[in-house]
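So the structure is just underneath, and the comments pick up after that.
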Amino acid sequence: MCFTLLSAHSGYNNLAWGDIQNTLTTDEINAGDAKDPNGVQNNDHPKVYVAWSKHPNFDTRNTGWNDPASQSLDDAFRSDDWWYYVDPQYYIRSDNSTEAGQVLGSADWGHATSNPPLVQASVCDAS
191 MCFTLLSAHS GYNNLAWGDI QNTLTTDEIN AGDAKDPNGV QNNDHPKVYV
241 AWSKHPNFDT RNTGWNDPAS QSLDDAFRSD DWWYYVDPQY YIRSDNSTEA
291 GQVLGSADWG HATSNPPLVQ ASVCDAS
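For the sequence shown, our numbering assigns the number 317 to the last residue and increments by one with no breaks.
So, in structure tokens, the structure goes:
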């Protein structure tokens with residue numbers, strides 16, 4: 191069974207692939223406008239909605255709560271008024287074995303619990 195991990199306020203939201211609310215096919219992605227369809231499951235790519243304040247990731251939209259207190263909860267505001275799929279040629283491999291990853295790893299992340307080096311070190315144990 192396939193799972194997806196979505197960054198959350200603390201840790202991850204762990205969803206079975208078949209439970210992701212909205213997924214897209216590669217053809218829909220390549221067409222360049224994949225806001226629709228919604229509600230289609232088990233395709234190649236999940237739609238991920240990023241909350242505006244603390245940046246957790248969700249598989250669902252939520253435009254009903256935009257007060258400051260809700261942004262630290264699973265009620266955080268997230269919309270689909272933007273859409274972008276990064277072409278793989280623009281990916282920067284930044285795991286700990288690369289120069290980019292070593293630069294990220296040497297940065298002062300303060301008290302962040304989901305900085306890139308910590309995510310890489312713990313993602314296989316996440317649930």
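C-beta: ideal position from N, C-alpha, C; glycine also.
Look at the Cβ atom of residue i, then the Cβ atom of residue j, and state whether they are nearer than 8 Å.
{"i": "residue 250", "j": "residue 233", "result": "no"}
{"i": "residue 224", "j": "residue 268", "result": "no"}
{"i": "residue 200", "j": "residue 303", "result": "yes"}
{"i": "residue 229", "j": "residue 247", "result": "no"}
{"i": "residue 278", "j": "residue 294", "result": "no"}
{"i": "residue 291", "j": "residue 298", "result": "no"}
What would DSSP say about residue i, mapped onto helix, strand or coil?
{"i": "residue 290", "result": "helix"}
May I ask which residues mark the beginning and end of the alpha helix (DSSP H) holding residue i?
{"i": "residue 312", "result": "306-312"}
Counting C-beta neighbours from all protein chains within 10 Å, is the total for residue i 16 or more, i.e. buried, or is it exposed?
{"i": "residue 289", "result": "exposed"}
{"i": "residue 281", "result": "exposed"}
{"i": "residue 261", "result": "buried"}
{"i": "residue 274", "result": "exposed"}
{"i": "residue 266", "result": "buried"}
I'd like the span of the beta strand (DSSP E) that includes residue i, first residue to last.
{"i": "residue 302", "result": "It is not in any beta strand (DSSP E) - residue 302 carries neither H nor E in the DSSP assignment."}
{"i": "residue 198", "result": "Run containing residue 198: none; DSSP gives neither H nor E here."}
Closer than 8 Å, CB to CB, is residue i near chain D or not?
{"i": "residue 309", "result": "Of the protein chains in this structure there is only one, and it is not chain D."}
Problem - Complete runs of the alpha helix (DSSP H) confined to the stretch 210-271 [at least 4 residues] - result: 216-221
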